[in-house]
Structures are given as C-alpha cells and as structure tokens.
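Protein chains in written order, with the working numbering: chain A, 464 to 718; chain B, 137 to 508. All C-beta atoms in this analysis are idealised placements derived from N, C-alpha and C, irrespective of residue type, glycine included.
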C-alpha cells in the first residue's frame, strides 16, 4: 500500500486518505466515473424504491385507515396501488437504462464491473472485507470505481430487484387473466410454488432493501469522511478526486 | 329428485321427447337453456340454439364415480339454485350410476356400473368426485374390494369426456396435502390422453357442473379450459375482481377482527386473511343456496378452495401471508424482516462507533503532523 502523507509507524488502523492541505492542489486529479444515465438511474431507483417500500407495506398490511363513513371515503388502497405500480414502472425503466449501460458505459459501468473478474480482484475482495472488519485496514485495496465487495453487493441488489419485478408482475397479471402480464409472467408463480409463496417472497425481499439502504448510506458517508476524495459527490457530479500518490487497482493498465 | 329409474328413458327417445313426457314445458326448458347460455358466457340469445342441440340428444349416458371424498360435492350439485335445473342436470343425462343416490346397493350396484360402461363404451360422460390414493397399491380407498384407482382407470378408458368435480377429483384435496400419507392424487393425474375438466372447489358450485355438462352435450366437446383444466367461463376471473366488497378494499376500509365495527359494516376481509385476491372462482357472481349468499357475503374470508394445494398454500386461512418454516410458528415475514433490519442497524451503529473511536484515538498525532 502506498503510504499516505502524515502516516508514521503505528499509524491508525483505520486507513485515512490525505487530508485537504496535506498535499498541494496539484497532486489531485478529478476523474469522471459515472455518466449521467447512471446517476439519473441511481436517484430514480432510490426514489422509486422508497415509494415502493412505503406503499408496498401498506398493500401488504394496511397499517392505517382514514376514518369516515361509508360515503365520501378516500380511495386509499386505490392510490397506494396506483403509486406502487407507477413506481414499479420507474424502477423497471431504471433497470432498462442500467442494462443498456452495461454495454454502452465506461469500464467502471460495464458488465465486467458487475463482479470481480481478475484473480487479483478476488484476493482484494477478502482484503476489503477484512478491512471493513477492522482487520489490517491499511491493506484495504483502493479502487476508483466499485471495489469487489461493492460489485458483488450491487449485483445482488440488481438480482433481488429482478426477482421483485418478476414476482410483482406475476401478481399484477392475476387481475387480467390471459392479458399480457398474466401470459408473460404466469410461469413465475409455478417456479415459486404458488401465488401465495410468490407474494411471501415479494414481501420478504422488501426487507433486503430496508437493510441495504442504511448500510449503503452509512458506508458511503464513512468512506467520504475518511478518505476525503468526494465519494458521495461522485453520484451527483459524476466524478471524484484521486490523489496522485495512491495506486488504484482498477486504474488503466497503461497509466 | 334424481332417482334414475323414476322416469326411465324409453328406447330411442330424445331428451326433448323425454322432458315433454315428463311434463316439462318448452318454455321452462328454453328458460333453462338461456340461463345456461349466460353462465357459459355465450349470452341468453344462445338459448334456442342450446335448446335445439340438447333436445336432440338421445339418452346421453353418464356414470358418476365417488372415490376418496366426503360426498359434499354431490350435496352441492343437488342444491343447484333451481330445483327444476337440478332435475334437468340429471335428466339431461341418463345417470346410470351414482352410488349415493341410486336405490341399488352391493352387487346390484356394481352390476349397474358394469352394464352402463359396457352398453355405452366410448360415449358416456364420466363424472368423478373424489381422488384416488396410490400408496401401497391404492388400498387406502377400496370400493367393492377394488382400489379406487383401478375403478377410475377402467371407467375413464371407455369415457368420451371426463369431468372431475371438486377439489378431491381436481388434485386430491386435503388427503393430498402435506404430508399426503396415502399419496392421494386427482383424476387428471391418472387419466391421460383425453381432456379432464376440473370443476374446482371444495365443494364447487353445482351450477358450474350443470353448465359444463350442458356444454359438452351441446357442442360435443369440453368448454375452453385454463392452464389448470378449469372451465374459463367459470374460473376465468378472480374473486377479488368481482367482489362486492372491492369498493371497501379500494377505499382502504378493512375488518381488523371478526365482530368489530368494520365487520358489522361489511367492510373488506383482506386483513383477516381473505384469499379472494389469489382465487379464481365464480362465487361472487353465481353464489350459493339459490343465490342467497356466499362465504365473503356472510362475512367469512375466502380460503381459496378452487386453487390447487390450497390447504398448504393458502394457510393460515386468517392471515395474509404464509408463515415461515424454521422460524417458529408465530414468525411472519415482517417479524423476520424486522429482526434482520434491527440487526443490520445495530451492526451499522457498532461499526460507526468503532470507526469513530479509532479515528479519534489517532487523530491528534495526525493533526500534529499536519500542522508541522
């Protein structure tokens, strides 16, 4: 590992990047990682997942009711379902963008970045996981884009999203037998052992997002605070800073 | 009502002649046929055509086997809405064998079955209630000293059409539910090579049986079926989409517990486990007991009895989602999910604390260095 400025023997077990002021501005370069379709897709997916979780839990177990008589009552479940299906449409759209960008994007965005490819990356996966467990954190490999642990967890999230979408469509299709969704996604209920099991899986996997989001946000905040290279900014502006003295595992070979 | 030999068919007599001789007026018969047309989704204007086709039938023979079942389906068919229709169903066909209703018993009954099969080989309609058991050579359901599965195979071989009535004949029903000790299966599992119409339900609505038989007699073929062999005219739509409580569902008005204020107002039974959203059946439309009521109308959630393996897949009947095996009987999806989420949140918090502590411990050194 490249030592960073200010480090000495018995340095902190938490690896810290160079702080502003320790290096001259010339030692930083701004690298562009995420094209706008990826950033737009990220935030649209985040918003739609939020809506889907909130409305989905209402649909699964209507947790509040609006008082009122039998007349003049709100179309509460109706709206919840409408928003749920609308947000599902947005999420599917983001998925289509992401799949397209797996083939159109740069090397940080392409399909090869979905999982560790090189042997070195699998070794780095273990090192990264160790570092997050506070074991030899200074051996944590640096990546400009996603590190192997990120790659795997985001790919798992994509897979879970795919299962959510197909199970959702399968249930959606039930209201119109012989219709498009019923015809295309009818096999899903067979695979999952019936409509009720499909519903259970759809319901259970919601919790994956509820667990993933705080962990994701926490780790993003943490790396932003520790390394000070504009990690969080990268999903807004598209790029981050790279100090000249840090070696990156996913750098261009010629660089 | 159906005592097969109370009004015996005369040789060569058509159904029209038979009904006339029995004193059923043309108007009555036309009314029946028009209702059938509506039920089959063909419209009441098909009534005269159906009547014409049915009146020309000559003693279409039917054999009704009762296998591994409780006879509830027979009860249901006998209670078709209109007694005249009830008579007609069984007069449309010459019901040559029905153990529960026929006068004969013992050897005489077995002889009747044998004679009916021989006399009408290749042309009779086989109606089956009840499934068969396969374990240990099928000895768990024995009739007249023979395993039911053998009787079914033999009867199905000579049948022109096979109609499986009720959940037992459809897929085996409660006998076939986990752990299925007798290896019970439905008729469709045994009978291959000819279409088996599954009149799903525990029990099914009698009128659906009537309409299916009438369809076979009118058109000479079984009605259009869904992927599970159920007639589309009856099982083509979800209960949820035809439910009179659907407006309460859409409005977010739910019964929380039986006997609460919402239950008295007749609100939606979704939260007390109604399986209407996953069940395909004409219950809300045709209803039961002379169209007076049906389970949801009476304030009980649908248990999904027209769906395969409903004892295993639709339970708990008073809960929205299945329980999760291995997490304890009381654990539901949300309890498990919440436990995992709390664990993850605790992990995040602990991780943040460790990060902060380690960072704080080494910070002074670094700041000192930096300021140098």
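Reference residue i; option with closest CA among the options
{"i": "residue 347 of chain B", "options": "B/277, B/303, B/330, B/229", "result": "B/229"}
{"i": "residue 197 of chain B", "options": "B/494, B/447, B/341, B/256", "result": "B/256"}
{"i": "residue 549 of chain A", "options": "A/537, A/525, A/513", "result": "A/513"}
{"i": "residue 443 of chain B", "options": "B/335, B/147, B/468, B/213", "result": "B/335"}
{"i": "residue 176 of chain B", "options": "B/367, B/467, B/293", "result": "B/367"}
{"i": "residue 608 of chain A", "options": "A/570, A/630, A/524", "result": "A/570"}
{"i": "residue 489 of chain B", "options": "A/698, A/685, A/705", "result": "A/685"}
{"i": "residue 564 of chain A", "options": "A/501, A/541, A/540", "result": "A/501"}
{"i": "residue 491 of chain B", "options": "A/492, A/681, A/703", "result": "A/681"}
{"i": "residue 499 of chain A", "options": "A/705, A/602, A/557", "result": "A/557"}
{"i": "residue 545 of chain A", "options": "A/702, A/701, A/635, A/703", "result": "A/635"}
{"i": "residue 446 of chain B", "options": "A/657, A/670, A/665", "result": "A/657"}
{"i": "residue 589 of chain A", "options": "A/568, A/574, A/572, A/615", "result": "A/615"}
{"i": "residue 237 of chain B", "options": "B/284, B/382, B/214, B/393", "result": "B/214"}
{"i": "residue 312 of chain B", "options": "B/276, B/281, B/286, B/344", "result": "B/276"}
{"i": "residue 365 of chain B", "options": "B/333, B/493, B/399", "result": "B/333"}
Same chain, Cβ closer than 7 Å to residue i, five either side skipped, listed in chain order
{"i": "residue 438 of chain B", "result": "375, 410, 411, 412, 415, 431, 432"}
{"i": "residue 651 of chain A", "result": "629, 630, 633, 661"}
{"i": "residue 183 of chain B", "result": "166, 169, 170, 173"}
{"i": "residue 484 of chain A", "result": "Unreliable placement is indicated for residue 484 of chain A, whose pLDDT of 46 sits below 50; the coordinate value is still reported in the next sentence. Cβ neighbours of residue 484 of chain A beyond the five flanking positions: none."}
{"i": "residue 305 of chain B", "result": "264, 265, 266, 267, 322, 323"}
Contacting residues, own chain, Cβ-Cβ under 6 Å from residue i (five flanking each side not counted)
{"i": "residue 605 of chain A", "result": "709, 711"}
{"i": "residue 466 of chain A", "result": "Because the pLDDT at residue 466 of chain A is just 40, under 50, the model does not fix this residue reliably, and the point stays unresolved."}
{"i": "residue 384 of chain B", "result": "403, 404"}
{"i": "residue 478 of chain A", "result": "With a pLDDT of 49 at residue 478 of chain A, under the threshold of 50, the predicted position of this residue should be treated as unreliable, and no value is reported."}
{"i": "residue 572 of chain A", "result": "501, 564"}
{"i": "residue 594 of chain A", "result": "600, 603"}
Cα-Cα separation between residue i and residue j, rounded to whole angstroms
{"i": "residue 315 of chain B", "j": "residue 448 of chain B", "result": "10 Å"}
{"i": "residue 695 of chain A", "j": "residue 585 of chain A", "result": "25 Å"}
{"i": "residue 115 of chain B", "j": "residue 351 of chain B", "result": "Lying before the first or after the last residue shown, residue 115 of chain B is absent from chain B, which here runs from 137 to 508."}
{"i": "residue 587 of chain A", "j": "residue 596 of chain A", "result": "14 Å"}
{"i": "residue 490 of chain A", "j": "residue 542 of chain A", "result": "54 Å"}
{"i": "residue 191 of chain B", "j": "residue 353 of chain B", "result": "10 Å"}
{"i": "residue 579 of chain A", "j": "residue 678 of chain A", "result": "21 Å"}
{"i": "residue 645 of chain A", "j": "residue 272 of chain B", "result": "40 Å"}
{"i": "residue 298 of chain B", "j": "residue 434 of chain B", "result": "33 Å"}
{"i": "residue 523 of chain A", "j": "residue 212 of chain B", "result": "34 Å"}
{"i": "residue 551 of chain A", "j": "residue 626 of chain A", "result": "12 Å"}
{"i": "residue 452 of chain B", "j": "residue 468 of chain B", "result": "11 Å"}
{"i": "residue 540 of chain A", "j": "residue 201 of chain B", "result": "46 Å"}
{"i": "residue 676 of chain A", "j": "residue 521 of chain A", "result": "19 Å"}
{"i": "residue 457 of chain B", "j": "residue 659 of chain A", "result": "7 Å"}
{"i": "residue 512 of chain B", "j": "residue 153 of chain B", "result": "Because chain B is modelled from 137 through 508, residue 512 of chain B falls outside the range shown and cannot be assessed."}
{"i": "residue 248 of chain B", "j": "residue 233 of chain B", "result": "7 Å"}
{"i": "residue 670 of chain A", "j": "residue 473 of chain B", "result": "5 Å"}
{"i": "residue 526 of chain A", "j": "residue 389 of chain B", "result": "11 Å"}
{"i": "residue 308 of chain B", "j": "residue 157 of chain B", "result": "41 Å"}
{"i": "residue 204 of chain B", "j": "residue 210 of chain B", "result": "13 Å"}
Element boundaries [alpha helix (DSSP H), containing residue i]
{"i": "residue 664 of chain A", "result": "658-690"}
{"i": "residue 620 of chain A", "result": "611-636"}
{"i": "residue 163 of chain B", "result": "162-175"}
{"i": "residue 350 of chain B", "result": "342-355"}
{"i": "residue 199 of chain B", "result": "Where residue 199 of chain B is concerned, there is no enclosing alpha helix (DSSP H), although the beta strand (DSSP E) it sits in stretches over 197-202."}
{"i": "residue 706 of chain A", "result": "Careful: residue 706 of chain A lies outside any alpha helix (DSSP H), inside the beta strand (DSSP E) at 702-706."}
{"i": "residue 544 of chain A", "result": "539-567"}
{"i": "residue 295 of chain B", "result": "Counting along the chain, residue 295 of chain B falls outside any alpha helix (DSSP H), though it belongs to the beta strand (DSSP E) covering 295-301."}
{"i": "residue 502 of chain A", "result": "499-523"}
{"i": "residue 448 of chain B", "result": "446-449"}
Same chain only: Cβ atoms within 8 Å of residue i, ignoring 5 sequence neighbours per side
{"i": "residue 180 of chain B", "result": "170, 171, 173, 174"}
{"i": "residue 555 of chain A", "result": "628"}
{"i": "residue 473 of chain A", "result": "The predicted position of residue 473 of chain A is uncertain, since its pLDDT is 43 and thus under 50; a value taken from the coordinates is nonetheless stated next. Around residue 473 of chain A: no qualifying Cβ."}
{"i": "residue 592 of chain A", "result": "612"}
{"i": "residue 577 of chain A", "result": "565, 614, 617, 618, 621"}
is_contact[residue i, chain D] using C-beta, thresh 8 Å
{"i": "residue 385 of chain B", "result": "The question asks about chain D, but that chain is absent: this structure's protein chains are A and B."}
Span of the beta strand (DSSP E), counted from its first residue to its last, around residue i
{"i": "residue 427 of chain B", "result": "Careful: residue 427 of chain B lies outside any beta strand (DSSP E) and carries neither H nor E."}
{"i": "residue 589 of chain A", "result": "Element bounds for residue 589 of chain A: not the beta strand (DSSP E) but the alpha helix (DSSP H), 582-595."}
{"i": "residue 576 of chain A", "result": "Segment: none, residue 576 of chain A is in no beta strand (DSSP E) and carries neither H nor E."}
{"i": "residue 277 of chain B", "result": "Run containing residue 277 of chain B: none; DSSP gives neither H nor E here."}
{"i": "residue 260 of chain B", "result": "260-265"}
Whole-number beta carbon distance between residue j and residue i, since they are thought to touch under 8 Å
{"i": "residue 268 of chain B", "j": "residue 326 of chain B", "result": "6 Å"}
{"i": "residue 265 of chain B", "j": "residue 194 of chain B", "result": "Between residue 194 of chain B and residue 265 of chain B the Cβ distance is about 26 Å, and since that is not below 8 Å, they are no contact."}
{"i": "residue 703 of chain A", "j": "residue 494 of chain A", "result": "6 Å"}
{"i": "residue 260 of chain B", "j": "residue 296 of chain B", "result": "6 Å"}
{"i": "residue 418 of chain B", "j": "residue 341 of chain B", "result": "7 Å"}
heavy atom of the ligand GDP below 7 Å from residue i C-beta
{"i": "residue 147 of chain B", "result": "The ligand GDP is absent from the structure shown, which contains no ligand whatsoever."}
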